[in-house]
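The sequence shown finishes on residue 1394 if you use my numbering, and the numbering steps up by one all the way, no holes. For reference, the structure discussed in these notes is given below.
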Amino acid sequence: MSPSISGLRAVLPPLSAALLLAGLLSGCSGSSSSGPAKAMPSARTSTGAPSPAATAPDAGAYRRWGLDKPLAAPPAPPAKKLTDGMRAGETPKVIRRVPTKDKVVFVTIDDGAEKDPEFVKMVKDLKLPISMFLTDDIARAGRGYAYFDQLKEPGDGVRNGVHNHTLSHPNLRTLGPDAQRREICGQQEALEKRTGTRPPLFRPPYGNYNDATLAAAGGCGVKGVVLWEATMQINDMRYAQGEGLRSGDIVLAHFRGPGELKGTSMTRMVTNMLRSIQRQGYTVARLEDYV
């Protein structure tokens, strides 16, 4: 959600700034089957159409990335998504956790600051479903959007979502309605031009929003405002409620590298996250198939 502590753009009162800094330092928010890997079920694209089934990665691919065994294959996605049937311009649903009894959680990754080519290899090897919430001025830097194109379609039937995280990562609650509309609609247009699809999902920076945010997002074609229940740190997660994951939890992570992870690579952080998910008896499903 935040590119770095030094990258904060919102001008906040001292108390709010202190609270925000504490959130940034904590991550800026939020055992599997031991049987053989199965073929992944058919998934739907962000438009709801079936996408090609991805074959399951072999156990060797997981071992190469420091995991003892593959993630369990997620169950078939539900017949109806949370945002199905919504009308154009309708106030988007605010989604902090997906209502499901499936033993699944959803991995979301914010901003776009770190562009580690090894992470592309990891996503491809593990056929890992992720949802990316990109901030335009952060995503454009360095390798640019071409990096995220590789993560969007890493091959072998995998389709990962690219969604809206504003143009410049402001605290939207400090902005008026017109400025909020520019931030949200501007990134909708930039991503539509880049990917050919207007993103249905949006995440407000720092999780901060108000009625003007929802009105602007709905007017820009957003169907769901996605928050989170668990936040990935370097070695493990922190939870909004309780001391562990629950079915349908949305996990927040960031595109970050060794400079912000105390020398840990992004791939090692994700390995730690997947290990924790497995240890707690869950697997990773595709958010766009449920929302």
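No residue lacks a Cβ here, since even glycine has one placed at the ideal position from N, Cα and C.
**OP:** Reducing DSSP to helix, strand and coil, say where threonine 1334 ends up.
**Re:** Position 231 of the sequence shown, counted from the start, is the residue given in the question as residue 1334. Strand.
**OP:** Return the CA-CA distance between asparagine 1274 and proline 1308, expressed in angstroms with no decimal places.
**Re:** Translated into positions along the sequence shown, residue 1274 becomes position 171. Translated into positions along the sequence shown, residue 1308 becomes position 205. Straight-line Cα distance between these residues: approximately 6 Å.
Original post:
How far does the beta strand (DSSP E) with serine 1234 in it reach, from first residue to last?
Top reply: The sequence position of residue 1234 within the sequence shown is 131, counting from 1. Note, serine 1234: beta strand (DSSP E), 1234 to 1237.
Subject >> Three-pair Cβ contact test at 8 Å for the segment 1347 to 1358 versus the segment 1204 to 1211 >> reply: yes
Original post:
Can you round the beta-carbon distance between aspartate 1387 and leucine 1231 to whole angstroms, since I take them to be within the 8 Å contact cut?
Top reply: In the sequence shown, residue 1387 corresponds to position 284, counting from 1. In the sequence shown, residue 1231 corresponds to position 128, counting from 1. For clarity, residue 1387 is valine in the given sequence; the question names aspartate instead. Between leucine 1231 and valine 1387 the Cβ distance is about 7 Å, and since that is below 8 Å, they are a contact.
**OP:** Name the one or two DSSP bridge partners that methionine 1209 has.
**Re:** As a first step, residue 1209 is located in the sequence shown; it is residue number 106 there, counting from the start. Note that residue 1209 is phenylalanine in the sequence shown, not methionine. In DSSP, phenylalanine 1209 forms a bridge with Ile1353.
Original post:
Bridge partners of histidine 1268, per DSSP?
Top reply: As a first step, residue 1268 is located in the sequence shown; it is residue number 165 there, counting from the start. Looking at the DSSP assignment, histidine 1268 forms no beta bridge with any residue, so it has no partner.
**OP:** Given a cut-off of 8 Å, decide if lysine 1206 and serine 1350 are closer than it, judged by their beta-carbon atoms.
**Re:** The count along the sequence shown starts at 1 and reaches residue 1350 at position 247. The count along the sequence shown starts at 1 and reaches residue 1206 at position 103. Yes; because the gap between Cβ atoms is below 8 Å, this pair is in contact.
Original post:
If you run the structure through DSSP and keep just helix, strand and coil, what is lysine 1071?
Top reply: Beyond the ends of the chain as shown, which are 1104 and 1394, falls residue 1071; an answer cannot be given.
Original post:
In its own chain, which residues sit with a C-beta less than 7 Å from the C-beta of glycine 1192, not counting the 5 before and 5 after it?
Top reply: One-based indexing of the sequence shown puts residue 1192 at position 89. Same-chain partners within the cutoff: Gly1321, Gly1322.
**OP:** Identify the continuous alpha helix (DSSP H) that holds arginine 1389 and give its terminal residues.
**Re:** Taking the first residue of the sequence shown as position 1, residue 1389 is located at position 286. Counting along the chain, arginine 1389 falls outside any alpha helix (DSSP H), and DSSP gives it neither H nor E.
Subject >> Simplified DSSP state of phenylalanine 1222, which is helix, strand or coil >> reply: Translated into positions along the sequence shown, residue 1222 becomes position 119. Phenylalanine 1222 falls in the helix class under three-state DSSP.
Subject >> Beta-carbon separation (whole angstroms), leucine 1294 vs valine 1325, contact threshold 8 Å >> reply: Indexing the sequence shown from 1 puts residue 1294 at position 191. Indexing the sequence shown from 1 puts residue 1325 at position 222. Going by Cβ atoms, the distance from leucine 1294 to valine 1325 rounds to 11 Å, so no, they are not a contact pair.
Subject >> Candidates Ala1318, Trp1331, Tyr1312, Ala1175: closest to glutamine 1383 by CA position >> reply: Looking up residue 1383 in the sequence shown gives position 280. If we check each option's Cα against that of glutamine 1383, Ala1175 comes out closest.
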